[in-house]
Every structure is written in structure tokens, then in C-alpha cells.
Amino acid sequence: MERLDGPGCVTISGEIAGLYRQCFSVPPWYETEADFAAFPGKLARDAERPGFAAWIERDGHELVGVCFGWPTPDDLSGNAIYEELQRSCGPEVVAGLTRGAFEVVELFVGPGAQGRGIGRRLLDAAVAGWPRAWLLTSPRAPAARFYRALGWRRVGALPERALEVLVLRTGRDVA
Numbered sequence: 000m001e002r003l004d005g006p007g008c009v010t011i012s013g014e015i016a017g018l019y020r021q022c023f024s025v026p027p028w029y030e031t032e033a034d035f036a037a038f039p040g041k042l043a044r045d046a047e048r049p050g051f052a053a054w055i056e057r058d059g060h061e062l063v064g065v066c067f068g069w070p071t072p073d074d075l076s077g078n079a080i081y082e083e084l085q086r087s088c089g090p091e092v093v094a095g096l097t098r099g100a101f102e103v104v105e106l107f108v109g110p111g112a113q114g115r116g117i118g119r120r121l122l123d124a125a126v127a128g129w130p131r132a133w134l135l136t137s138p139r140a141p142a143a144r145f146y147r148a149l150g151w152r153r154v155g156a157l158p159e160r161a162l163e164v165l166v167l168r169t170g171r172d173v174a
């Protein structure tokens, strides 16, 4: 496993975009060609966020897994996801969920590499040292069962996007 900062992640964005296509062109995601074309630009913008960090796993030279995210900012205004989260779950719940938390934005493992513990290792590395972490996923995605098996629990939903909000609280979480 290798940890990357923003510039390091952008350097291999072509590889990451290729793996993203493999993982998100199947149900329940059905990303479109426009989504795939926009992904490298989105990744470059994400990589500029404060605290951005990524972890990758290779099998030889082939990229087989990616996880990235950032500390959730204190100011949640001006971001559609955060605003929808507050409408859906309420400001108090969102403050308790996001304050001092790591936001797992993407975790994906190539179809041929799934079931080998790669996702768990990537996710463990991403949330290590954080009192809590949170993410959004489709309840229909196999990943939702994976997260729950690792101790993540549902705290809300984003009905407009058909996503659920999951949180992981570590033993260090006092909230």
C-alpha cells in the first residue's frame, strides 16, 4: 500500500480514472460516459482540498484499489452534499457526525481484486487516528454490507441521491 498526497494522486489520475470506470460502470452505479470524462477533473479539484490524502494498492504494476478523502471542514456552507446532509439529518446530527471527522470520499477495488482484503486495508489506513469517519454509499451496493461488517452504522440518508450516510466511531470518539 502507498499513501499519496494531492499532487501524487493527480500524477496517476489516468490510472485511477481507469479503475474508477471498471468499478462504477456496473450496478448500482451506472456512471455515464460524461461522468467518466469528468472524473479526472473532479479528482484534480478534490486533490487540492485541505488535508486530502489517498491510499492505493497495486498488484505488481496494476492499480487495484484506491481510497481517498479529507478532514471534513468546519464550514459546511456552499457545498451541495453538506447542505443536503443538513436538510436530511439536521444540523446537530451533522455537526456531531462531521466535526473532527475524516470524510471517506471514494473507496474502490477492481472487480478482479475484490475479496482479498484490499478494501479493508485501504479503509483502515484512511481512518487510522481519526475519532470518527463518515461516508456516503448506495444501500444497494455490495460495499454497504462490507462497511457494516466493519462496524460502520447508518445515521441517515440523502433521499435526493438515494444514498445512505454511514459513520465509524473508534474507541477514541467521545461524541
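If you count the sequence shown from 1, position 74 lands on 73 in numbering that gives the first Met the number 0, and the numbers rise without skipping. Think of the CB as a built atom: it goes at the ideal place given N, C-alpha and C, for glycine as much as any other residue. Just so you know, these numbers come straight off a predicted model, no measurement behind them.
Next on the checklist: I need the boundaries of the beta strand (DSSP E) containing PRO70, first residue and last residue.
Outcome noted: 61-70
Checklist entry - Going by DSSP, which residues form a beta bridge with TRP151? => result The partner list for TRP151 (beta bridge, DSSP) is empty, contrary to what the question assumes.
Item to check | Residue environment, TYR29, which counts as buried when at least 16 other CB atoms sit within 10 Å | outcome: exposed
Checklist entry - What separation, rounded to the nearest whole angstrom, lies between the Cα atoms of PRO49 and GLY77? => result 16 Å
Next on the checklist: Using C-beta distances below 8 Å, list every residue in its chain close to ALA124, excluding the 5 sequence neighbours before and after it, in chain order.
Outcome noted: MET0, ARG2, TRP54, CYS66
Item to check | Which listed residue (ALA156, PRO158, GLY5) has its alpha carbon closest to that of TRP69 | outcome: GLY5
Checklist entry - What are the residues that DSSP puts in a beta bridge with THR136? => result GLU163
Next on the checklist: Can you list, in chain order, the residues of its chain with a C-beta nearer than 6 Å to that of ASP172? Leave out the 5 residues immediately preceding and following it.
Outcome noted: Any reading at ASP172 needs caution, since the residue's pLDDT is 44, under 50, leaving its predicted position unreliable; the model's value is listed next. Excluding positions up to five away in sequence, the list reads PRO130, ARG131.
Item to check | Nearest-angstrom Cα separation, counted from LEU62 out to PHE107 | outcome: 11 Å
Next on the checklist: Using a Cβ-Cβ distance cut-off of 8 Å, determine whether ASN78 contacts chain B.
Outcome noted: In the structure shown, chain B cannot be found, because there is only a single protein chain.
Item to check | Rounded separation between ARG115 and ASP34 - CA only | outcome: 28 Å
Next on the checklist: If you reduce the DSSP assignment to three classes, tell me which class ALA143 lands in.
Outcome noted: helix
Next on the checklist: Are the CB atoms of LEU84 and VAL164 within a distance shorter than 8 Å?
Outcome noted: yes
Checklist entry - Can you name the start and end residues of the beta strand (DSSP E) that GLU91 belongs to? => result Per DSSP, GLU91 belongs to no beta strand (DSSP E); it is in the alpha helix (DSSP H), 90-97.
Item to check | Counterpart residues of LEU3 in DSSP-defined beta bridges | outcome: ALA53
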